[in-house]
Each structure stands twice: as structure tokens, then as C-alpha cells.
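J.: FYI, in my numbering the residues of the sequence shown are 90 to 544. The following block contains the structure, expressed as C-alpha cells.
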Amino acid sequence: MSARRTSIHGEWSSRFAFILAATGSAVGLGNIWRFPYVTGESGGGAFVLVYLLCVALIGIPVMMAEILLGRRGRQSPLNTMRTLAQEEGRSPAWQYVGWLGMAAGFMILSFYSVVAGWTLAYVVRTATGVFEGATAEGVQSIFTDFIANPEGLLAWHTIFMVMTIIVVSRGVKSGLEQAVRFLMPALFVLLIAMVGYAMNTGQFQQAVEYLFKPDFSRLDAEVVLNAMGQAFFSLSLGMGAIMIYGSYLSHTASITRTAVVVAGMDTLVAILAGLAIFPLVFEYGLEPAGGPGLIFMTLPIAFGQMPGGALFGALFFLLLVFAAWTSAISLLEPAVTWLVENRGMNRVKAAAWSGLAAWVFGILSLLSLNLWSDDRYKLFGMPFIDLVDWLTANVMLPIGGLLIAIFAAWMMSREASRAELGLADGLGFGLWRFLVRYVTPFAILLIFLNKIGVL
């Protein structure tokens, strides 16, 4: 039985440690900029209501399923899926769900490290006053020159990957847990401090209305699909990270309560980020555009104009470093556990080899931003970094999440899933099983079709 199965990699010391780690995995660079931006552009409070509904109907049920599988298997995602398929008398082909998640996480980490390196560089740039008094053209020139320098990008990419490898190599309690016990509280402290600063601007009320004032006239099918996609992707589902973290969770911890708390904290971070960023955007008359442009080309203008901007800007980019670091740790972990289990490596060696492979693969993304930016180097009309991003986010993660939901709800016996969730055979378990059997697969399929342009 799964209660007797233990992980050779260790176990979280408490449910709180898992919550911090899982929240750290979910909270990434996208939370800081994408959720607030999409909220403002999609009807404010109306979008938030739809998003929260999607988290409840899609995100939390799939997260519960992924944690359930991880805790029952107590191994790397691939070995967990192989073991559980055998245990339930299902096809061994289900192990490829583990492969898919590990491959997606590896590919995401490769380019994520490159972008995370930008945040490290911008901590230094803002702290040293590079943006003081800079115009919009000046800030854009700084970013353009930075991206065009492959040697500089490689240095920051290397530093960030080494940071990630060091944490993962130290194991569950000495590495992952110690890191998130510092990084996640620090992230919340920085966010709250930034919100406090933003409240002193004259545009805090405008930012609140931008984010939360309901405008139901903007709600249409596209907005609902965006909310569904945001709810799924923001929780770091389908890439094996939550599954491997679940394998370290004590069998006495409630999966249901844990998943609800993680989803709530992830959403709270995104909302706090919006309350910190958009008062500055409106105060300095900036365009609330989304994506890297907002972070690296728009906000530095505000940092260069405001009193104490060097300190505030450095803290902001340090916040991004922490968010990226906790996500990167979870992306590297599945590959490391597989090498330890299947190749007999010690953890240090496994982390070094996995990180090195992701670092090398990331160089392809790095070079596609500068030396290989010409059309002749593009694949399917996209730079390599955009292709990897599109393939993982729009194809691999939705398919992975869909298959996880199907396996947990249809392939596992009712008794096995109920026992692992620790729920009585009543309304709560029946609701989860209904959602993960019917509602979430249909919703994820809609997300997938929307992302690949069918809908």
C-alpha cells in the first residue's frame, strides 16, 4: 500500500514546508506581470471572479490529482506513473505521462534560466542607478543592448543555473526546504513593502479599480478561455513539479486543504504584484503593456524618476529573482530524482548533470535572441526561445495535465484515490471525482484547442 511506500529522497518536515515549496513552484515571473495585466485588460473584477471559479473547478482538482499520484508513487514522475499503472493493472504506456512532464519541465527550465538571468542583471543595474533620469528611449536602448550581448547573457544564465543546482543538490530538507523557508517569506515581505510604497502614490485607487472594478461587458468566450488557461498554468501543473513535491508529503497531511492553500497563496501573490506595480505605472503615465516589456522597459522608467527608485527597483527585481529561483528549483527536481533512481547517481552528481544539460539547451534560446535572430535561424517562423515556450505552454503542459486528470479519475480505483486523498466516500470526494473526471478534462481540452488556434 502507498502508506508503506517511502521516498528514498526524503520527506518534507511539515505540511507547511510543502505549501511553501508548492507555492514557490507555482509563483514565477508570469505571476508578477501576466495576471495583473490580463486582469486589467479583461474586465477587472469580472475577470477575477471567472479566474477564481476556474481555479476552483480546474486548478485545485488537477493539483489534488497530481499530488495524489506523487504521494502514492513516492518516486520520480516517470517511475511513479510506471508503478501506479502496474499497481492498477493499466498499460505501461502511462509512464510516458511522466516522461512528458519531465521533458516539459526541462525545456521550460532551459529558457526560464535565461530570462531569470535578466532579473539578476537588473538587480545590479537598478541598485547602481543605471536608470536614474533615463528616458523611455534610453531604457529601451539599455535593454536592447543587453539582449544583443550573448556573452553577458551567458554569464547571468550561468550564475542563475548554478544557484539552482546548488539548492537542488543539497536534498529535500537541507536544500529545497531550507531555500523555500527563506525565499517565500522574503518574497511576501518584499511584496507587502512594495504595496505599502505604492499606496503612497496618488494613483493607488486607480490601480485598485483597474484590477478589481467589474466590467462584465468585456466578458466573452476569449476572456473565459484566458481565465481558464491562467488558472491552469499559474499553478505549475502538468510538468511533474507538483507530482515530485507531492512524493515528499507526509501521508497524514490533507491533500485537499493543502491544494486549496497553495492555490490561494498563488493568487494572493499575483494580486499583491498588481497592487504594487500598477500604481507606479499610472503615476508616471506609463503604458500598462504586458510581458517582458513591462518589467524590463516600462517599470525602469518609473524607477529612474521616483525618489528612492534605485533601492525600490533593486528590491523589485530581487523579488523577481526569488520568484524565478523557487520555480527553477522545482523544474530541476524531477530530472534529478530520475537520475538518482535509475542511474544510481548521488544527488550532487545528478543535479550537476541535469543542470548542465538544461544550461547547454538554454544556450540555444539565448543565441536566438541575438546571433541567431535572423529569419534563417527561425523554426516555424519563430525564434528558438519562442518555439520552446509555445511548445511547452500550449501543447505539452495541457496534454500532461489532461492525462494526469484522466489517470487519477479513470485509471485508479475509487478506493485507491479516496484512500490517498483521505476523504470519506461522501459529497467531498464525489465532487472532486466528478470535476476531475468530466469538468477539468473538458476545460483543459478547450484550453489546448484555444492555445493551438483551433478555437
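Glycine is no exception: its CB is placed at the ideal position from the N, C-alpha and C atoms. This structure is a prediction, so every number in the text was calculated from the model and none was measured.
Going residue by residue through the region 371-414, where are the continuous beta strand (DSSP E) segments of at least 3 residues, counting only ones entirely within it?
T.: If only uninterrupted beta strand (DSSP E) runs of at least 3 residues are considered, none is enclosed by the region 371-414.
J.: Going by DSSP in three states, L468 sits in which element: helix, strand or coil?
T.: Under the three-state reduction of DSSP output, L468 falls in the strand class.
J.: For F322 and A482, what's the separation of their Cα atoms in angstroms?
T.: 8 Å
J.: Please check the pair P150 and V525, which I expect to be a contact at CB under 8 Å, by giving their CB distance rounded to whole angstroms.
T.: With 8 Å as the limit, P150 and V525 qualify as a contact, their Cβ atoms being about 4 Å apart.
J.: Under a three-way DSSP split, which group does H246 fall into?
T.: Helix at H246.
J.: Below 8 Å, can you find three or more Cβ-Cβ pairs linking the region 460-480 to the region 220-228?
T.: no
J.: With the cut-off set at 8 Å, would you say L361 and M152 are in Cβ contact?
T.: no
J.: Between the Cα of T347 and the Cα atoms of L300, S103, H98, I97, which residue gives the shortest distance?
T.: S103
J.: Counting only C-beta atoms, is S131 closer than 8 Å to chain D at any point?
T.: This model lacks chain D altogether, as it is built from one protein chain only.
J.: Given this structure, state the Cα-to-Cα distance separating S131 from Q295, to the nearest angstrom.
T.: 16 Å
J.: Can you tell me the Cα-Cα spacing of F105 and E266, whole angstroms?
T.: Taking the straight line from one Cα to the other gives about 10 Å.
J.: Could you tell me if F195 is buried or exposed, where buried requires 16 or more neighbouring beta carbons within 10 angstroms of its beta carbon?
T.: buried
J.: Which of the three DSSP states is assigned to M434 in this structure?
T.: coil
J.: Sort L480, F531, P303, P181 by Cα distance to G148 and report the nearest one.
T.: That would be F531, whose Cα lies nearest to the Cα of G148.
J.: Mapping the DSSP letters down to three states, classify S230 as helix, strand or coil.
T.: helix
J.: Checking 8 Å against the spacing of the C-beta atoms, do A412 and N168 come in under that value?
T.: The answer is no: Cβ separation not under 8 Å.
J.: Quick check on the DSSP output: the alpha helix (DSSP H) that includes Y286 runs from which residue to which?
T.: 267-288
J.: Just to confirm the assignment: which complete alpha helix (DSSP H) runs, minimum length 4, are found wholly within the region 289-320?
T.: 293-301
J.: Tell me the rounded alpha-carbon separation between E176 and G162.
T.: When rounded, the distance between both Cα atoms is 10 Å.
J.: Between S419 and the rest of its own chain, which residues show a CB-CB distance below 6 Å, the 5 nearest in sequence each way excluded?
T.: Its chain contains S114, A330 as the residues whose beta carbon lies nearer than 6 Å to that of S419, once the 5 sequence neighbours on both sides are disregarded; these appear in chain order.
J.: List the whole-angstrom C-beta distance separating Y211 from F385, where the pair is believed to meet the contact cut-off of C-beta under 8 Å.
T.: 7 Å
J.: Could you give the distance in angstroms between the alpha-carbon of Q319 and the alpha-carbon of F124?
T.: 7 Å
J.: Give the straight-line distance between the Cα atoms of V484 and F537, rounded to the nearest whole angstrom.
T.: 7 Å
J.: Out of T253, A310, A287, A193, which has the shortest C-alpha to C-alpha gap to L535?
T.: A310
J.: To the nearest angstrom, report how far apart W122 and L486 are at their CA atoms.
T.: 20 Å
J.: Please classify F401 as buried or exposed, where buried requires at least 16 neighbouring CB atoms within 10 angstroms.
T.: buried
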